[in-house]
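Beneath this line is the structure, given in structure tokens, with notes to follow.
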Amino acid sequence: MVIHAIVPVPASVALLPGESFLVDSTVEVVVEDITRNPGDRALAEHLATLLRATGSSGPMAGAYDVSSGRRRIVLARGVTGLGPEGYDLTISSGGARITAESAAGLFYGIQTIRQLLPSSVEHPAALSRALRIPAGQIRDGPRFAWRGAMLDVSRHFLSAGDVRGFIDLLALYKMNRLHLHLSDDQGWRIEIKSWPSLTAIGGLGEVGGGQGGFYTQDEFREIVSYAAARFITIVPEIDMPGHTNAALASYGELSCDGIARAPYTGIRVGFSALCVERDTVYRFVSDVVREIGALTPAPWFHIGGDEVEKISHDAYRAFIERVQGIVQSHGKQMIGWGEISPANLSPGTIVQHWKRDSSFVHAARGGKVILSPSKKLYLDMKYDSATVLGLKWAALIDVRDSYDWEPGTYLEGVTESSVLGIEAPLWSETLEKRSDFEYMAFPRLAVVAELGWSAAANRSWENFRLRLAAHGPRLSALGVNFYRSPQIPWLQ
Ligand code: TNX
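Number 40 in numbering that gives the first Met the number 0 belongs to position 41 of the sequence shown; there are no gaps in the numbering.
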């Protein structure tokens, strides 16, 4: 049996017993063809920064061409047959080479090197150590295109810095989407210049009465580019027509009675709704989609659409269809929670399944589905009945419960070819600070990463729990507050 602790488990790993590559201060990181791929310099610097923990002087001036004859790690572009995000990593005692078709593939190869190094590489205390990577070959590529997590920054606000910290952790596990739930009853979290009260009024407050907060457009752009540098796409969500009390508190004209609502700090759902008969509401939606769409180069805009109790089915469907047209008019593809499926959706629209719903209707029309089954992937569900944080309406979800299921056959009528990928939402009704978010996300996020990346045939709980155990010291070195599951006694 191959012994390594890489999560998500790669497509194929062949390590040579006894042979290793010594990563010390003399090692150079080089880009094979810097003239053709100048952008890959940033990747070499990323790796060199990581390796500085070995005592090297970090990125070396002029070291981007393969010419020096020194022991090196080479980043090369080339055909691998492993897909656009795949990589081939070859390691010998004389050096290492990552070959990939894209910059993303090189980045994932670097994350694998990172996980082959001891966890001390994650912490300055490791400075000046000479580290070793086992020799061998890893050929790897993802199963699903969409490997996501979601942060609910509305129920409790997280600073831009905390979001960047979360992005760093997603990157370690080769995840590539971060969905931000930017509005809900309790708070509106992104500056909209044409509707300034959304943040001036709606941005204040959160569950339990804390002060809330919001991202300015500049801060949001920074989050987007920080994520992009780690090959993670930010997917913005503005929930509508329900979950809108913060917007209704900011502008009375978004309600049918024209009266601004009081701020809300509880955790009930379903009581709020935009006035779907008013033209003002569609002008509002268009302005919001246009402004946020301009901050996010990605093709997606998530309109929520969940848990609407105040509007008839017909009016709801008509609203979703009209909003789909608005999203498309701004050049974006719409995403919505499972409830939107019965509306007349374009095949390019994406449905995000979370509970019993009619996602199969969308699959039948040729549309794609993101799987976020609440019984498996809701990171806000308690691990067991003793967990203090979190909710339990969907299930208690210990690590093994989130691991043991198969996305390709989970939903009747939604076969593998309709599954774009998976995403784990972290709702924050009960989470107040970064360490609370971390505790619910880890280690289950490592599970999500493996479900999204690794082939079904390569996954096994017994093997996963052994590999995961090695991530305890790594997460600790990174300062992450994680849950010590009794299902993995060695995870400490
Ligand atoms: C359901 S999932 C919700 C959220 C809550 C979550 C709590 C979904 C689309 N809606 O509004 O925060 O449950 O687990």
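All residues carry an ideal CB built from backbone N, CA and C; glycine is no exception.
Contact between Ser-271 and Gly-303 is absent: CB atoms are separated by about 12 Å, not below the 8 Å threshold. Boundaries of the beta strand (DSSP E) harbouring His-180: 176-180, taken from the DSSP string. For Leu-410, there is no enclosing beta strand (DSSP E), as DSSP gives it neither H nor E. In this structure, the straight-line span from the alpha carbon of Leu-50 to that of Ala-363 is close to 49 Å.
Not a single heavy atom of the ligand TNX lies less than 6 Å from the C-beta of Leu-181.
Distances from the CB of Asp-403 to the heavy atoms of the ligand TNX are all 6 Å or more. By alpha-carbon distance to Gly-207, the top candidate from Ser-427, Pro-133, Gln-136, Pro-472 is Ser-427. The residue from Arg-163, Ala-261, Tyr-214 with its alpha-carbon nearest to that of Ile-231 is Arg-163. Of all alpha-carbon atoms in Ser-249, Val-152, Leu-169, the one lying nearest the alpha-carbon of Gly-209 is that of Val-152. If you draw a 10 Å sphere on the C-beta of Lys-432, you find fewer than 16 other C-beta atoms in it, and that means exposed.
Secondary structure of His-361 (DSSP, three-state): helix.
Not one heavy atom of the ligand TNX lies closer than 6 Å to the C-beta of Leu-430.
In the DSSP assignment, His-352 falls within the unbroken beta strand (DSSP E) covering 349-352. For Arg-399, same chain residues with a beta-carbon under 7 Å away, outside a window of 5 residues either side, are Trp-460, Gln-486 in chain order. In this structure, the alpha-carbon of Asn-462 lies about 10 Å from that of Ile-2. Residue environment: Ile-319 is assigned as buried (16 or more neighbouring CB atoms within 10 Å of its CB, all protein chains considered). Using a Cβ-Cβ distance cut-off of 8 Å, the region 319-332 and the region 363-383 are not in contact, since fewer than three pairs of beta carbons, one from each stretch, lie closer than that value.
For Ala-159, same chain residues with a beta-carbon under 7 Å away, outside a window of 5 residues either side, are Tyr-214, Glu-218, Glu-221, Ile-222 in chain order. One thing to note: Ser-19 has its Cβ within 7 Å of the Cβ of Ala-134. A residue is called buried once 16 or more other Cβ atoms fall within 10 Å of its Cβ, and Ala-261, having fewer, is exposed. At a cut-off of 6 Å, the beta-carbon of Val-387 does not count as near the ligand TNX: no heavy atom of the ligand is closer than that. When Cβ pairs closer than 8 Å are counted between the two stretches, the region 141-150 is seen not to touch the region 27-38, the count staying below three. The beta carbon of Leu-390 sits closer than 6 Å to at least one heavy atom of the ligand TNX. Just so you know, the alpha carbons of Asp-23 and Ile-72 end up roughly 12 Å apart.
Judged by pairs of C-beta atoms under 8 Å, the region 390-404 touches the region 437-453, as three or more such pairs exist. Of the candidates Ile-233, Asp-184, Gly-186, Asp-167, the residue whose Cα lies closest to the Cα of His-178 is Ile-233. In the DSSP annotation of this structure, the continuous segment of the alpha helix (DSSP H) that includes His-470 starts and ends at 470-476. Placement of the Cβ of Val-268 at a distance of less than 6 Å from at least one heavy atom of the ligand TNX is found. When distances are taken from the beta-carbon of Trp-187 to the heavy atoms of the ligand TNX, even the shortest one reaches 6 Å or more. Leaving aside the five residues that flank Gly-211 on each side, the residues in its chain whose CB is nearer than 7 Å to its CB run, in chain order, Phe-156, Gly-186, Gly-202, Leu-203, Gly-204, Glu-205. Per DSSP, the continuous alpha helix (DSSP H) segment holding Gln-216 begins and ends at 216-227. For Trp-353, the distance from the CB to the nearest heavy atom of the ligand TNX is below 6 Å.
If the five residues before and after Pro-296 are omitted, its C-beta is found closer than 6 Å to no C-beta atom of its own chain.
When secondary structure is reduced to three states using DSSP, Lys-374 falls in the helix class.
Looking at the DSSP output, Pro-133 shares a beta bridge with Ser-19. Pairwise C-beta distances place the region 105-116 out of contact with the region 337-350, as fewer than three of them are shorter than 8 Å.
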